[in-house]
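Enquirer: Mind looking over this structure? Questions follow.
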Amino acid sequence: MTVMTAEQIEHFLDEVFPQRMGRIESVGEMRATMRLTVGYEHLRPGPRVSGPTMMGFADVALYVAILAQIGPEAMAVTSDLNCHFLRAASGEHDIVAHAKLIKLGRRLAVGEVQIFSASDDTKPVAHITASYALPDNPTGQPPR
């Protein structure tokens, strides 16, 4: 069960993480979908979407999926991120991230993100796995 809506998360992020990339399209049980309008600052020669852009975007998408489950927590932080670039993402189209939580415990969240070019939602351009360290929960109960 989600405890925050996409709109609530956007407002929270405006306060604590205003420099983030992308906008939230949806959140649900253990998942989030985000879209990034690709601009000049996201490109490498080609023009292709840069690797750092895709990694950072995936990181935000997974953070959004976590926030939807645990509520407004600024100090849920990335502890590990691994990215596989599968093919080039054209700089002429938005990119879309589909984040899914695999494990959500009291102290650790683990998830994966697939990034697609908006021009082709059948073949991912990148696959990212990441883990987040969650702050102490004084109740001792899992966040869900």
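This note's numbering puts the sequence shown at residues 330 to 473.
C-beta atoms are modelled at their ideal positions from N, C-alpha and C, and glycine is treated no differently.
Note that the structure is predicted; figures quoted are calculated from it, not measured.
#1: Is it buried or exposed for Gly469, if we count other Cβ within 10 angstroms and need 16 for buried?
#2: Along the chain, where does the alpha helix (DSSP H) that runs through Phe363 open and close?
#3: Would the beta-carbon of Glu358 fall within 8 Å of that of Met330?
#4: In whole angstroms, what is the alpha-carbon distance linking Leu372 and Gln348?
#5: For Leu415 versus Ala361, is the C-beta spacing smaller than 8 Å?
#6: Whose C-alpha, out of Thr451, Gln337, Pro464, Ile457, is nearest the C-alpha of Gly380?
#7: If we count Cβ pairs, one from each stretch, closer than 8 Å, do we get three or more for the region 399-407 versus the region 423-432?
#8: If you compare alpha carbons, which of Thr334, Ser419, Val439 is closest to Pro374?
#9: Quick one: Cα of Leu391 to Cα of Ala438, how far?
#10: Mind checking Val332: buried by the 16 CB within 10 Å criterion, or exposed?
Expert: On the basis of the supplied data:
#1: With a pLDDT of 49 at Gly469, under the threshold of 50, the modelled position of this residue cannot be trusted; read the value that follows with caution. Within 10 angstroms of the beta-carbon of Gly469 lie fewer than 16 other beta-carbons, which makes it exposed.
#2: According to the sequence provided, residue 363 is Met. The question's Phe does not apply to it. Segment 360-365 is the beta strand (DSSP E) holding Met363; no alpha helix (DSSP H) there.
#3: When the beta-carbon positions are compared, Glu358 and Met330 come within less than 8 Å of each other.
#4: Straight-line measurement puts the Cα of Gln348 at about 17 Å from the Cα of Leu372.
#5: Taking C-beta atoms as the reference points, Leu415 and Ala361 fail to come closer than 8 Å.
#6: Out of Thr451, Gln337, Pro464, Ile457, Ile457 has the C-alpha closest to the C-alpha of Gly380.
#7: No: fewer than three Cβ pairs fall under 8 Å.
#8: Here the closest residue by C-alpha is Ser419.
#9: Each residue's alpha carbon lies about 9 Å from the other.
#10: So Val332 ends up on the exposed side.
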